[in-house]
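Asks: Residue numbers (the working numbering): 7 to 566.
#1: Kindly indicate which three-state DSSP category residue 132 falls into: helix, strand or coil?
#2: Could you check what DSSP says for residue 240 in three-state terms: helix, strand or coil?
#3: Report back the beta-carbon spacing between residue 339 and residue 402 to the nearest angstrom; my notes put them in contact at under 8 Å.
#4: Residue 34: buried (16+ other C-beta within 10 angstroms of its C-beta) or exposed?
#5: Under the three-state reduction of DSSP, which class applies to residue 442: helix, strand or coil?
#6: Considering only the alpha carbon of each residue, which of 120, 344, 111 lies closest to residue 154?
#7: Between the Cα of residue 303 and the Cα atoms of 354, 334, 412, which residue gives the shortest distance?
#8: With DSSP as the reference, label residue 536 as helix, strand or coil.
#9: Compare the C-alpha of residue 96 against each of 127, 122, 118, 189 and name the closest.
#10: Is the CB of residue 248 under 8 Å away from at least one CB in chain B?
#11: Below 8 Å between beta carbons: does that hold for residue 358 and residue 310?
#12: CB residue 327 to CB residue 373, shorter than 8 Å?
#13: Just checking my contact of residue 315 with residue 233 at CB under 8 Å: how many whole Å lie between their CB atoms?
#14: Applying the criterion that 16 or more other CB atoms from any shown protein chain within 10 Å of the CB defines a buried residue, is residue 215 buried or exposed?
#15: Between the alpha carbons of residue 130 and residue 497, how many angstroms are there, rounded?
#16: Report the residue from 396, 421, 414 whose alpha carbon sits nearest the alpha carbon of residue 405.
#17: In this structure, how does DSSP classify residue 186 when only helix, strand and coil are distinguished?
#18: For the structure I just gave you, are there three or more beta carbon pairs, one from the segment 512 to 523 and one from the segment 109 to 125, closer than 8 Å?
#19: Determine the extent of the alpha helix (DSSP H) in which residue 118 is found, giving its start and end residues.
#20: What are the boundary residues of the alpha helix (DSSP H) that residue 419 is part of?
#21: Mind checking whether residue 222 and residue 198 have CB atoms under 8 Å apart?
#22: On the DSSP bridge assignment, give the partners of residue 101 in chain order.
#23: Please confirm if the segment 154 to 167 is in contact with the segment 256 to 268, defined as three or more CB-CB distances below 8 Å between the two stretches.
#24: Just to check my reading of the structure: residue 169 and residue 132 have Cβ atoms closer than 8 Å, yes? What is that Cβ distance to the nearest angstrom?
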């Protein structure tokens with residue numbers, strides 16, 4: 007009986023063993039999943055430790071080129087295919103020399119830095135800093151020809167292509183302000199726009215173009231401006247011409263830019279004219295086609311806000327794709343948040359670049375985006391005050407150049423490349439707290455942000471209820487106030503005055519390393535002197551009010 011039971015047990019064991027083997031064979035056959043399929047089903051992808059977003063990096067951080075079809079199985083390192091940077095075209099950094107032109111020596115440090123951050127060229131807007139043949143046009147502190155040759159040599163040594171910019175329609179204030187050229191204004195009282203119909207206009211512009219191109223023999227492009235032509239077809243000469251030719255204002259505009267661009271094409275066939283696009287936006291597709299402008303220039307589409315897509319909707323890109331083979335775009339790293347801003351909002355400009363990268367991705371199948379011009383305006387126009395100085399905006403430039411080297415458009419973190427190249431500690435996005443950087447001009451950057459912090463504190467003092475209620479103009483004029491409240495309101499006044507004195511000294515010393523005395527004096531008078539005057543007026547009022555020991559009966563009308 008025992009033997010029979012053992013035989014039954016052995017049979018059962020054998021039976022289940024066979025079933026198990028068959029099951030394993032069947033399981034292995036049915037679970038041969040394509041590694042790519044496994045990746046997609048389980049969403050297995052490494053996280054980039056620098057940006058906290060999906061990336062093609064291994065867990066170890068090493069980048070490798072591995073096909074997704076060779077996705078490793080368990081126990082092997084995890085890699086995916088390398089992704090391209092957000093923008094692969096030219097990255098052209100704008101130098102706006104209509105204000106605060108740097109010493110030539112500064113570029114020897116500045117150019118290598120921006121090149122290491124991904125810049126491929128420079129858009130040099132000389133304005134009145136160029137030594138034009140007509141000696142009445144340049145500023146007294148213009149760059150000499152030797153200076154410009156030095157700048158171009160330094161650019162060449164750093165593999166930076168130079169694109170000179172010369173205004174040929176709007177924003178010719180630096181020329182039209184002069185008595186010699188007053189007769190060329192479209193509107194007599196406004197020196198912004200040149201009249202396209204006067205006999206002296208094209209000889210003047212041809213001479214300026216010749217000077218610029220001759221000085222830049224290696225340049226493949228020249229930017230002819232032509233943005234914000236606010237006054238057009240208003241003078242008698244233009245009205246007569248439009249009547250004679252049966253032209254609209256748009257046709258008058260096209261005639262001028264075609265004349266300018268054709269001159270460049272015929273005399274300098276290897277130089278391609280570029281121009282700002284804003285006047286094209288209001289043109290119809292047929293008007294653009296009829297003008298033949300697409301064969302003469304490449305447009306530079308500019309927008310400096312975080313809402314690029316709102317201002318540049320799909321119909322514009324559809325229109326441009328039908329006229330132009332390729333376009334350039336233009337963002338801003340400084341000088342676009344207010345004419346009197348002296349510190350740069352990096353977050354704002356990063357959102358501008360993020361918006362541009364999304365837009366480029368949307369329309370890349372329609373248009374060739376040849377490059378991006380990263381503008382850094384120094385004045386809003388020739389007559390405006392200085393806005394952010396170049397070294398103050400440099401961290402923003404670095405962050406946005408580095409951002410475009412990434413592959414993740416949604417990344418919110420400051421690229422490590424930027425902080426490494428700027429040698430910055432913490433706080434780059436909140437510089438008033440102190441970023442402690444070490445880059446060319448970083449002392450100017452630090453002092454500007456210290457001033458911004460001090461002015462915030464002064465504004466907080468001026469907003470105190472004690473100041474509003476007991477240091478009002480009425481209190482000061484009548485000499486009628488509470489000494490206790492006056493003293494309380496002005497307890498920090500002496501400290502602020504001394505800090506401002508020391509800050510001015512430090513800022514002058516920092517600026518002297520890269521700017522001339524005229525720029526230093528203008529900046530101090532624009533941003534420090536008003537604060538000094540404000541504090542001095544408050545100090546005088548305090549002293550006047552605290553001198554009183556007795557006060558009159560009301561009413562005080564006679565004291566006013």
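Every residue, glycine too, gets a C-beta built ideally from N, C-alpha and C.
Replies: With the given structure in hand:
#1: Along the chain shown, read from residue 1 onward, the residue named residue 132 stands at position 126. In this structure, residue 132 counts as coil in the three-state DSSP scheme.
#2: Here residue 240 refers to the residue found at position 234 of the chain shown. Coil, per DSSP.
#3: Here residue 339 corresponds to residue number 333 of the chain shown, with the count starting at 1. Here residue 402 corresponds to residue number 396 of the chain shown, with the count starting at 1. The C-beta distance from residue 339 to residue 402 rounds to 5 Å, short enough to fall under 8 Å.
#4: One-based indexing of the chain shown puts residue 34 at position 28. Interpretation of residue 34 is limited by its pLDDT of 42, a score under 50 that renders its predicted location unreliable; the figure taken from the coordinates is listed afterwards. It is exposed - the Cβ of residue 34 has fewer than 16 other Cβ atoms within 10 Å.
#5: Walking along the chain shown from the start, residue 442 turns up at place 436. Coil, per DSSP.
#6: Counting from 1 along the chain shown, the entry for residue 154 is found at position 148. Each of 120, 344, 111 was checked against the Cα of residue 154, and the nearest Cα belongs to 111.
#7: Counted from its first residue, the chain shown places residue 303 at position 297. Minimum Cα distance to residue 303 is reached at 334.
#8: For the purposes of this step, residue 536 is identified with residue 530 of the chain shown, where counting begins at 1. Here residue 536 sits in helix by DSSP.
#9: In the chain shown, the residue the question calls residue 96 occupies position 90. Out of 127, 122, 118, 189, 127 has the C-alpha closest to the C-alpha of residue 96.
#10: The question asks about chain B, but that chain is absent: this structure has only one protein chain.
#11: In the chain shown, residue 358 corresponds to position 352, counting from 1. In the chain shown, residue 310 corresponds to position 304, counting from 1. In this structure, the beta-carbon distance from residue 358 to residue 310 falls below 8 Å.
#12: As a first step, residue 327 must be located in the chain shown, where it is residue number 321. As a first step, residue 373 must be located in the chain shown, where it is residue number 367. Yes, Cβ-Cβ distance for residue 327 and residue 373 is below 8 Å.
#13: Start at 1 with the first residue of the chain shown, and residue 315 comes out as number 309. Start at 1 with the first residue of the chain shown, and residue 233 comes out as number 227. Contact flag wrong, Cβ pair sits at about 20 Å.
#14: The residue labelled residue 215 in the question sits at position 209 within the chain shown. Around the C-beta of residue 215, 16 or more other C-beta atoms lie within 10 Å, and the residue is accordingly described as buried.
#15: Residue 130 sits at position 124 when you count from the first residue of the chain shown. Residue 497 sits at position 491 when you count from the first residue of the chain shown. C-alpha separation (whole angstroms): 49 Å.
#16: Taking the first residue of the chain shown as position 1, residue 405 is located at position 399. With respect to the C-alpha of residue 405, the residue from 396, 421, 414 having the closest C-alpha is 421.
#17: Within the chain shown, the letter at position 180 stands for residue 186. Helix.
#18: Three or more Cβ pairs drawn from the segment 512 to 523 and the segment 109 to 125 lie within less than 8 Å of each other, which places the two stretches in contact.
#19: Reading the chain shown from its first residue, position 112 is the one you call residue 118. Secondary structure note for residue 118: its alpha helix (DSSP H) is the uninterrupted segment 110 to 122.
#20: In the chain shown, the residue the question calls residue 419 occupies position 413. Judged by DSSP secondary structure, residue 419 falls outside any alpha helix (DSSP H); it is assigned neither H nor E.
#21: Here residue 222 is taken as the residue at index 216 of the chain shown, counted from 1. Here residue 198 is taken as the residue at index 192 of the chain shown, counted from 1. Taking a C-beta distance under 8 Å as the contact criterion, residue 222 and residue 198 do not qualify as a contact pair.
#22: In the chain shown, counting from the first residue as 1, residue 101 sits at position 95. Assignment of beta-bridge partners to residue 101 by DSSP yields 130.
#23: Not touching, per the Cβ criterion.
#24: Locating residue 169 in the chain shown gives position 163, where the first residue counts as 1. Locating residue 132 in the chain shown gives position 126, where the first residue counts as 1. Not quite, the Cβ-Cβ distance comes to about 12 Å (not below 8 Å), so this is no contact.
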